[in-house]
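In what follows, a structure is listed as structure tokens, so that the remarks can point back to it.
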Amino acid sequence: MKLKPKLLSLLQHRKKEFPRERIIADLTAGLVVACVALPLSIALAIASGVSPDKGLITAVVAGFTISLLGGSRVQIAGPTGAFVVIVYGIIQQYGMQGLLVSTLLAGIILIIMGCLKFGAFLKFIPYPVTTGFTSGIAVVLFSTQVNDFLGLGLTDIPSAFVAKWQFYFNNLSHTSTPTLLVGLLALVLIIFWPKRFKLFPGSLAALVITTLLVKVCDLPVATIGSTFGTIKTGLITPHLPDINLDIILKLLRPAFTIAFLAGIESLLSAVVADGMIGKKHRSNMELVATGCGNIVSALFGGLPATGAIARTAANIDNGGRTPLAGIAHSVFLLIMMLCLMNYISLIPMTALAAILFNVSYRMSDWRSFVSLFKAPASDILVLLVTFALTIVIDLVAAIEFGLVLAAILFMKRMADVYNVTNTDDDIMDEVHHKDDIDAKKIAKHVSVYEINGPFFFGAANLFIDTLSNMKDCKVLVLRMRSVPAMDATGYHALYKIYKRCNANGVKIILSHLQRQPHKMLHKYGFLDIIGRANICQNIDESLMRAEEIISSAD
Numbered sequence: 140m141k142l143k144p145k146l147l148s149l150l151q152h153r154k155k156e157f158p159r160e161r162i163i164a165d166l167t168a169g170l171v172v173a174c175v176a177l178p179l180s181i182a183l184a185i186a187s188g189v190s191p192d193k194g195l196i197t198a199v200v201a202g203f204t205i206s207l208l209g210g211s212r213v214q215i216a217g218p219t220g221a222f223v224v225i226v227y228g229i230i231q232q233y234g235m236q237g238l239l240v241s242t243l244l245a246g247i248i249l250i251i252m253g254c255l256k257f258g259a260f261l262k263f264i265p266y267p268v269t270t271g272f273t274s275g276i277a278v279v280l281f282s283t284q285v286n287d288f289l290g291l292g293l294t295d296i297p298s299a300f301v302a303k304w305q306f307y308f309n310n311l312s313h314t315s316t317p318t319l320l321v322g323l324l325a326l327v328l329i330i331f332w333p334k335r336f337k338l339f340p341g342s343l344a345a346l347v348i349t350t351l352l353v354k355v356c357d358l359p360v361a362t363i364g365s366t367f368g369t370i371k372t373g374l375i376t377p378h379l380p381d382i383n384l385d386i387i388l389k390l391l392r393p394a395f396t397i398a399f400l401a402g403i404e405s406l407l408s409a410v411v412a413d414g415m416i417g418k419k420h421r422s423n424m425e426l427v428a429t430g431c432g433n434i435v436s437a438l439f440g441g442l443p444a445t446g447a448i449a450r451t452a453a454n455i456d457n458g459g460r461t462p463l464a465g466i467a468h469s470v471f472l473l474i475m476m477l478c479l480m481n482y483i484s485l486i487p488m489t490a491l492a493a494i495l496f497n498v499s500y501r502m503s504d505w506r507s508f509v510s511l512f513k514a515p516a517s518d519i520l521v522l523l524v525t526f527a528l529t530i531v532i533d534l535v536a537a538i539e540f541g542l543v544l545a546a547i548l549f550m551k552r553m554a555d556v557y558n559v560t561n562t563d564d565d566i567m568d569e570v571h572h573k574d575d576i577d578a579k580k581i582a583k584h585v586s587v588y589e590i591n592g593p594f595f596f597g598a599a600n601l602f603i604d605t606l607s608n609m610k611d612c613k614v615l616v617l618r619m620r621s622v623p624a625m626d627a628t629g630y631h632a633l634y635k636i637y638k639r640c641n642a643n644g645v646k647i648i649l650s651h652l653q654r655q656p657h658k659m660l661h662k663y664g665f666l667d668i669i670g671r672a673n674i675c676q677n678i679d680e681s682l683m684r685a686e687e688i689i690s691s692a693d
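Quick note on numbering: this note's numbering labels position 320 of the sequence shown as 459, and the sequence is numbered without any gaps.
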């Protein structure tokens, strides 16, 4: 597919894609998402070790660029929690100029990846690896906010995870009661406010209320102003950071880390968005747009940027359906930045910590983490190793080791699955001819697909792409006779197809499940989800069951 921004494609059909009602809905969604992004951008910037204006600048310039050039209809981009640990580490080692150069180089790498059509390859990363490092980052992010949430006032906090928590426990006596109470109030508002007032984001409500409380009552609570001093207002003039060959070579590793994580997170967010709106993004164009967004962010002195799942979901929930919503979000955020920056310095640090606690909780996706313990032992091992290395060492080591371990276990699983047997080829040809689908009568509105070979992480996304364009289908029969084994990524792909089919009123029938996939789907409860009556022993039984479903529907 050619590299073409989604907005450009939609503008070619502007009468259909941009009626007055949709434009109003997109602008409204952009305003709501801007209200969500304002506190998040500030909190993420401070957690990364920079001033709050850097986070807002990133959301404005990178968010605008990625929405303008992106391959998704509804992607909202900006700073995200996944980058906090990486950005903080780069700044500690190389300074702010090092971060800007790394972000600039990462943008170039992402553009090259998109032009070389690497979008499809990034989807092949096993599900346990992505879940492991995402959950690990969430734990690390949570641990960075304890000092501000409790008001401990500590400096020179160890960077190592275990040493950091030992340092916290040794200094719990320094906890500030007013700070802790304000932080708890912010946390309660973040959790319970949306249940009563859905139009006004809970995180923004928490900032406004706690800021007023601290100011009016003159509470001894650290604020952005007392911590960072005067905050700059508005955008700076774009400029190229100091760069030469020696700096490039020194910063290539962090640049590749930023590019890899930005690519993964953008595509994951786009895939989630596709499922919510029933459309399909252009993965390579999304990589190019993310690269451009990071280059622009670096030129304006901002942070690394990528697609943000929470903000993208908020955009969709509030009616956003075109890139206009993402562009509007950036424009509204710029207006807020220019008008409200003088008041931002009054925000309590503990309230920002509460927001990041919530971000950590959402990032961890503990339900997915726990559900992976129903997967084969090899997937559980990959999950735990990636998770532990992310916390104890760093993200780069976790991803590298996780991918290598997944590849080794994949090869072992292949050796276990394929055993050499002395079976007469003529007999097997006769059996397969007997079950040849061309010789079967298939009822109208029934689609039959066969999966051949082990259903592992390499095949899972191909499976999703193959079934993404089903039309006029009421019953989907999946022949599993040639699937000797399945892993967690394969199950995740199957479950995504089920959710898509369920949303469109399509029933799924599984035909001829072999032992290992049957055992795995039973552990996940998937057999009960689709109904035991829809698990058939062979293709003839499956087609008869499909006819029953069609008949009962009529």
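In this text, a Cβ means the ideal position worked out from N, Cα and C, and glycines have one as well.
Just mark residue i as buried or exposed, buried being the case when its beta carbon has 16 or more other beta carbons within 10 Å.
| i | result |
| --- | --- |
| residue 566 | With a pLDDT of 37 at residue 566, under the threshold of 50, the modelled position of this residue cannot be trusted; read the value that follows with caution. Exposed. |
| residue 297 | exposed |
| residue 687 | exposed |
| residue 543 | exposed |
| residue 572 | Confidence in residue 572 is poor, its pLDDT being 49 and thus under 50, which makes the residue's placement too unreliable to answer from. |
| residue 682 | buried |
| residue 442 | buried |
| residue 622 | buried |
| residue 241 | buried |
| residue 329 | buried |
| residue 690 | exposed |
| residue 335 | exposed |
| residue 312 | exposed |
| residue 492 | buried |
| residue 629 | buried |
| residue 194 | buried |
| residue 692 | exposed |
Output the distance between the C-alpha atoms of residue i and residue j, rounded to the nearest integer angstrom.
| i | j | result |
| --- | --- | --- |
| residue 430 | residue 245 | 7 Å |
| residue 287 | residue 268 | 31 Å |
| residue 364 | residue 255 | 46 Å |
| residue 259 | residue 424 | 11 Å |
| residue 234 | residue 151 | 45 Å |
| residue 646 | residue 340 | 37 Å |
| residue 655 | residue 636 | 20 Å |
| residue 265 | residue 159 | 42 Å |
| residue 224 | residue 584 | 50 Å |
| residue 462 | residue 145 | 8 Å |
| residue 517 | residue 196 | 43 Å |
| residue 557 | residue 547 | Confidence at residue 557 is low in this model, with a pLDDT of 45, below 50, so its placement is unreliable and the value that follows should be read with caution. The alpha-carbon atoms of residue 557 and residue 547 are separated by roughly 16 Å. |
| residue 380 | residue 587 | 56 Å |
| residue 322 | residue 498 | 15 Å |
| residue 293 | residue 501 | 27 Å |
Where do the N-terminal and C-terminal ends of the beta strand (DSSP E) with residue i fall, by residue?
| i | result |
| --- | --- |
| residue 646 | 646-650 |
| residue 617 | 614-621 |
| residue 587 | 585-591 |
Can you find the residues in the same chain that come closer than 8 Å, C-beta to C-beta, to residue i, ignoring five residues on each side of it along the sequence?
| i | result |
| --- | --- |
| residue 672 | 684 |
| residue 149 | 156, 157, 212, 461 and 462 |
Can you give me the Cβ contacts of residue i inside the same chain, cut-off strictly under 7 Å, excluding the 5 residues immediately before and after it?
| i | result |
| --- | --- |
| residue 522 | 267, 270, 271 and 511 |
| residue 455 | 213, 412, 415 and 416 |
| residue 408 | 214, 446, 447, 448 and 451 |
| residue 530 | 275, 278, 279 and 300 |
| residue 579 | 678 and 682 |
Taking C-beta to C-beta, are residue i and residue j nearer than 8 Å?
| i | j | result |
| --- | --- | --- |
| residue 176 | residue 458 | no |
| residue 165 | residue 460 | yes |
| residue 432 | residue 215 | no |
| residue 614 | residue 668 | no |
| residue 496 | residue 274 | no |
| residue 401 | residue 208 | no |
| residue 388 | residue 252 | no |
In chain order, what residues of the same chain have a beta carbon less than 6 Å from the beta carbon of residue i, not counting five sequence neighbours either side?
| i | result |
| --- | --- |
| residue 371 | 192 |
| residue 199 | 469, 472 and 473 |
| residue 285 | 307 |
| residue 589 | 618 |
| residue 319 | 289 |
| residue 514 | 627 |
| residue 342 | 178, 329 and 494 |
At what residues does the alpha helix (DSSP H) containing residue i begin and finish?
| i | result |
| --- | --- |
| residue 253 | 223-254 |
| residue 305 | 300-309 |
| residue 468 | 462-483 |
| residue 356 | Neither: residue 356 is in no alpha helix (DSSP H) and is coded neither H nor E. |
| residue 423 | 422-438 |
| residue 403 | 384-416 |
| residue 703 | The structure shown does not extend to residue 703, since the chain is modelled only from 140 through 693, so no value can be given for it. |
Report yes or no: is there a C-beta of chain C within less than 8 Å of the C-beta of residue i?
| i | result |
| --- | --- |
| residue 524 | Given the protein chain composition of this structure (a single chain), no chain C is represented. |
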